[in-house]
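Counting from 1, one number per residue, gives the positions in the sequence shown under the UniProt record's numbering. Read the structure below first, then the notes.
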Amino acid sequence: TLYSDQELAYIQQGEEAMQKALGILSSREGWKKENQQANGDTVLSKVVPDMGKVFRLEVVVDQPMERLYEELVEHMEAMGEWNPNVKEIKVLQKIGKDTVITHELAAESAGNLVGPRDFVSVRCTKRRGSTCVLAGTATRFGEMPEQKGIIRGEHGPTCMVLRPLAGSPSKTKLTWLLSI
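What follows is the structure, encoded as structure tokens:
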């Protein structure tokens, strides 16, 4: 398949976001525990140069990895039905099998001081063996300019790593890097 220069730039931007996010996750230094639940779910944070504070969420999800992957990747546009932070998400362009450009409208929260926000992201998905990595970062997309009355959010890179829980393949270990 031949890609335009713009499509190649989006693919590269998605892959670079993934590499940067995985680099942050794999670095063992500087993480501080913010919160740990009785069930073992953990939130850590650290300050990353040029990015500020990032969060690392480590949880076990009582679903097989394939099911989670389906929900997060293949049925991405239905995310607003189950994620209270997302009003709607639309795939604006699919590039190859691993890269998509999305527009996400954030749900307004009680006491929302910022007002309505939206995000345009390039998202990249890679599978390596039994591990699946989903990454994304803010991007520009000509066909989705900033909307009147809505603040365009900047984020990234973010990343989710999914792998079957050792010894319990019907559950998934989810590690989520969040940059807000």
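Note that CB positions come from ideal geometry on N, CA and C, so glycine has one too.
- Given a length threshold of 3 residues, each whole run of the beta strand (DSSP E) inside the stretch 54-133 is given here in chain order: 86-95, 99-106 and 117-128.
- Taken atom to atom, the span from the alpha-carbon of K126 to that of L134 is near 7 Å.
- Short of 6 Å from the beta carbon of S27, and not among the five residues preceding or following it, lies no beta carbon of its own chain.
- A check of alpha carbon separations from L105 across C159, G153, M51 and S179 identifies G153 as the nearest.
- The stretch 161-171 and the stretch 59-73 touch, with three or more beta-carbon pairs separated by less than 8 Å.
- Here T158 is buried, its C-beta having at least 16 other C-beta atoms within 10 Å.
- Rounded to whole angstroms, the gap between the alpha carbons of D50 and S179 is 11 Å.
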